[in-house]
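K.L.:
Structure provided below as structure tokens; questions to follow.
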Amino acid sequence: MGGIDYEKVLNDLMSEEDRLREIERKLIGIETGPQINYEKMKELERRQLILKYIELKNQERDMLELIKELKIRGYTKTEITKAIKRLRKIRRQIRIIRQELKLINEEPQMQQKA
Numbered sequence: 003m004g005g006i007d008y009e010k011v012l013n014d015l016m017s018e019e020d021r022l023r024e025i026e027r028k029l030i031g032i033e034t035g036p037q038i039n040y041e042k043m044k045e046l047e048r049r050q051l052i053l054k055y056i057e058l059k060n061q062e063r064d065m066l067e068l069i070k071e072l073k074i075r076g077y078t079k080t081e082i083t084k085a086i087k088r089l090r091k092i093r094r095q096i097r098i099i100r101q102e103l104k105l106i107n108e109e110p111q112m113q114q115k116a
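Dropping the structure here:
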């Protein structure tokens, strides 16, 4: 017939109360969601940077060999300059990765001091 569904009303009130409790916990500072393991994330980031660093060092070595070979074979200065520009780009990327690794490695020390 056309009556009030008391059970549905009680369920809605219960779910609203749960939502309010959740908001209250967040305001207080209690994290209720899934926890993120920041240490594992930092370790994965560190490993990725190390792999990229190794790859760039191999590219740098290959580029140095190419430049030597170009000089030995008597290629023009413009062709050698192109290879030198690529070498500079690789070395710039190596410096950036080195700085990022340094920052990642210093973070745990800063946290221990605090």
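Quick note, the sequence shown lines up with residues 3 to 116 if you use this note's numbering.
Beta carbons: idealized from backbone N, C-alpha and C, even for Gly.
(1) Going by Cα to Cα distance, which pick from Asn-39, Thr-80, Ile-56, Lys-104 is closest to Ile-92?
(2) Measure the beta-carbon distance from Tyr-82 to Ile-69 and round it to whole angstroms, keeping in mind my assumption that it falls under 8 Å.
(3) Exposed or buried, which one is Leu-29 when buried takes at least 16 other CB atoms within 10 Å?
(4) Could you give the distance in angstroms between the alpha-carbon of Ile-52 and the alpha-carbon of Glu-45?
(5) Pull up the distance between the alpha-carbon of Leu-22 and that of Arg-48, whole angstroms please.
(6) So Glu-62 and Ile-25 are supposed to be a Cβ contact under 8 Å. How far apart are they, rounded?
(7) With a CB to CB cut of under 7 Å and the five nearest residues on each side skipped, what residues in its chain are close to Met-3?
P.N.:
In terms of the structure at hand:
(1) Checking every option, the nearest Cα to that of Ile-92 belongs to Ile-56.
(2) Going by the sequence as given, residue 82 is Ile instead of Tyr. About 6 Å separates the CB atoms of Ile-82 and Ile-69; that is less than 8 Å, so the two are in contact.
(3) With fewer than 16 Cβ atoms within 10 Å of its Cβ, Leu-29 is classed as exposed.
(4) Those two C-alpha atoms are separated by around 10 Å.
(5) Their backbone Cα atoms lie some 40 Å apart in a straight line.
(6) About 54 Å separates the beta carbon of Glu-62 from that of Ile-25, a gap too long to meet the 8 Å contact definition.
(7) Caution is warranted here: a pLDDT of 48 is assigned to Met-3, below 50, making its placement in the model unreliable, and the coordinate value is therefore given only provisionally. Within the same chain, no residue comes within 7 Å of Met-3 by CB-CB distance, once the 5 residues on both sides are set aside.
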